[in-house]
Amino acid sequence: MPICSMFLFSLEHINAQCLTITVLATFNNQGLIMNDTVYPLSDNHRIKFESFKFYMTNVVLENNNQPVWIEDNSYHLVDFDDLDSNQLCIEIPDDLVFNAIKFTLGIDSATNASGVKGGDLDPSKGMYWTWQSGYINFKLEGTSNLCNNPKNQFEFHLGGYIPPYNNAQQVNLSVANPNKFKIIFKLDKFVNALNLSEVNHIMSPNQFAVDHARSAARCFEITND
Amino acid sequence: MPVRLPGVLKSRMIKFSLSAIAFLFCAFVVGDELFYRLASWPKPSYNFKENELTKAKTMLGRVLFYDPILSADSNISCSSCHSPYNAFSHVDHALSHGIHDSIGIRNAPVLINLAWQKTFMWDGAINNLDVQSLAPISHPAEMGSNISQVVKKLNRQKLYKKLFFDAYKDSIATGEHTLKAIAQFLITIVSYNSKYDKVMHQQAQFSPQEQNGYKIFKKKCAACHTEPLFTNGDFVNNGIGVDTLLNDLGRMRVTQRKEDAYKFKVPTLRNIEYSYPYMHDGRFKKLGEVLNHYSNGIKQSETLSGKLKSGLTLSANEKVDLMAFLLTLSDKQFLFDANFAYPKEFLSKQ
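This is how it looks when you write it as structure tokens:
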């Protein structure tokens, strides 16, 4: 439940069934710092991040490939500018045994086509396109001297729900220790797969957006640290 | 020999028969006090279950519609480009203008009978009326703002605390509630009271000229401008040719399919008398120019509608009759309906 993250601390104490999953973004194995930090790339190139957020939805916990818990009304906006939002609270039964977590990176087609929603899906969260309908599943913005445009900006707004450019991606991760794990997004892996000098603006549903969403889905890992 | 009645009696009889007609016509109207329509019409496409109409929500939506608070500089409201007296379109402007006198690339479409529309905008880029108003709020040449900014501004106003509480039992404005309330008001804007409607329900008669116009209409226009809503909701290249300065690809912008190039939504013809200028870029000022286009002006191109390949054969007399019919789609009651008007009681004019 999206609203849970706001009351995380109280829930941790009063509700023993809240499984708290921390979602972190890292760059070269260090926790991502937005806005000020300049990260080095190869050949004297540099990169800086100003906005990074994505939707994790339809969370399912599995044990030996069998679903053991399907989260109801499962929409989480993870925004790395809002540290509360990267603590997901999943309400699960006591003593649930699971060894994998599955989720969708992005918003499913049915939700995209059914009008305006509240909570994490409220369009005021900045993750809804305005010139056409549909959610932005994954948003990454910043600057890099690799981007050959006046302000060296890059903007990746990945989304789209109409075939053949259905953008939402399935992510499946094994969980070795269900009592202590975090989900990390390796942003350096995503950036290294980009071709920033050629493609630095994706703002509509198209094949580029699908390719980049697939690449993003491969950047999730589980850590037990 | 006809009996001559004294003037007073005559006018009383006229009044009586007019009210009798109005009463009889009411029998064909269905709906509650918020959403009237004719019983003979198709089922609306709008999902009322997801956003149930209430008086308080509709009123909130109406106030938002007329309040320039939605724009970045608080100067432009929805009604700036969708004026009720022009069937909720932009009077006299080919291309609608918004914040800081910016000019957009399209003519503001009419807002009529939206509950029956499946897609919105000239290119159908919007899939649900509940999210429609995000587009003008955010467009840099329209209101130049964004919904989170709007919500912040609304939450600073006492007026909206009350209106949001009345509507949603929560005085705090959210993006969801703001957008849904605007959609509620838009849903109620229904035009069903034209002479055409009365003729269809045997409450009035076409003149011979209008009758002939209707015959021509059914033969040559109704395939796209289908009764009773006077649109089939389709996207069509109607052969007006591309304005090379605007180079508007229309539906292709949304689907990215070449076969959709230069196609635009078939607009309703209801209240066409008031919604000039015409076409997605407002290039025709008068209805006569539109008819001349269909008879002599069709420009050939790959995606041109098959129905228009050789234009529509219309003689000068046929055009006059057709025009007479089109004017029967005017609905004065709709234009001056107090329920759609500027909510003076909430917004005081600056």
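Protein chains in written order, with the numbering used here: chain A, 1 to 225; chain B, 1001 to 1350. Beta carbons are placed, not taken as given, at the ideal position from N, Cα and C, and that holds for glycine.
Asked: Members of the stretch 120-146 of chain A near chain B, C-beta cut-off 7 Å; Found: D122, P123, S124, G126, Y128, T130, W131, Q132, S133
Asked: V78(A) at chain B interface by Cβ criterion, 8 Å; Found: no
Asked: CB contact below 8 Å: T1188(B) versus chain A; Found: no
Asked: Nearest-angstrom Cα separation, counted from T1231(B) out to V1266(B); Found: 6 Å
Asked: Close beta carbons around A310(A), own chain, < 6 Å, minus the five adjacent residues each side; Found: Any answer about residue 310(A) is impossible in this case: the structure gives chain A only from 1 up to 225.
Asked: Three-state class that DSSP yields for V1131(B) in the structure shown; Found: helix
Asked: Inter-residue spacing [alpha-carbon to alpha-carbon] between F1120(B) and K1152(B); Found: 27 Å
Asked: Proximity to V1190(B) [Cα-Cα], best of V1091(B), S1310(B), A1087(B), L1064(B); Found: A1087(B)
Asked: Pairwise C-alpha distance: L1095(B) and A213(A); Found: 37 Å
Asked: Proximal residues to T1058(B) (C-beta, below 7 Å), its chain only, five neighbours per side dropped; Found: L1034, Q1184, F1185, T1188
Asked: Local conformation of F1031(B) per DSSP, three classes; Found: It should be pointed out that residue 1031(B) corresponds to Gly in this sequence rather than to Phe. It is coil, neither helix nor strand.
Asked: Closer than 8 Å to chain B by CB, S215(A); Found: no
Asked: Contact check, N1113(B) vs D1331(B), beta carbons under 8 Å; Found: no
Asked: First through last residue of the alpha helix (DSSP H) which encompasses I1216(B); Found: 1208-1220
Asked: Straight-line gap, N1155(B) to P123(A) (C-alpha atoms, nearest Å); Found: 16 Å
Asked: Spatial neighbours of V1254(B) in its chain, beta-carbon cut-off 8 Å, leaving aside the 5 residues before and after; Found: D1123, G1124, A1125, D1260
Asked: Distance CB(G1104(B))-CB(A1072(B)) smaller than 8 Å; Found: no
Asked: Contacts around L1053(B), its chain only, beta-carbon distance under 7 Å, and the 5 residues preceding and following it disregarded; Found: L1034, F1035, Q1184, I1187
Asked: Option in W131(A), S74(A), L96(A) with minimal Cα separation from N64(A); Found: L96(A)
Asked: Neighbourhood of L1304(B) by C-beta, 6 Å cutoff - its chain only, sequence neighbours within 5 removed; Found: N1237, G1239
Asked: Cβ of S42(A) within 8 Å of any chain B Cβ; Found: no
Asked: Sequence-distant residues of its chain with Cβ nearer than 6 Å to Y128(A) (five each side left out); Found: Y135
Asked: Range covered by the alpha helix (DSSP H) that runs through I1182(B); Found: 1175-1188
Asked: Limits of the unbroken beta strand (DSSP E) element including V59(A); Found: 46-63
Asked: Residues that G1175(B) contacts on chain A, provided the C-beta gap is smaller than 9 Å; Found: V116, G118, D122, P123, S124, K125, Y128
Asked: Interfacial residues, the stretch 1258-1286 of chain B to chain A, with Cβ spacing under 7 Å; Found: none
Asked: For Q170(A), three-class secondary structure by DSSP; Found: strand
Asked: Strand pairing of H201(A), partner residues [DSSP]; Found: E155(A)
Asked: Cα-Cα separation between I222(A) and F181(A), rounded to whole angstroms; Found: 7 Å
Asked: Contact list for D1130(B) against chain A, beta-carbon separation under 7 Å; Found: G115, V116
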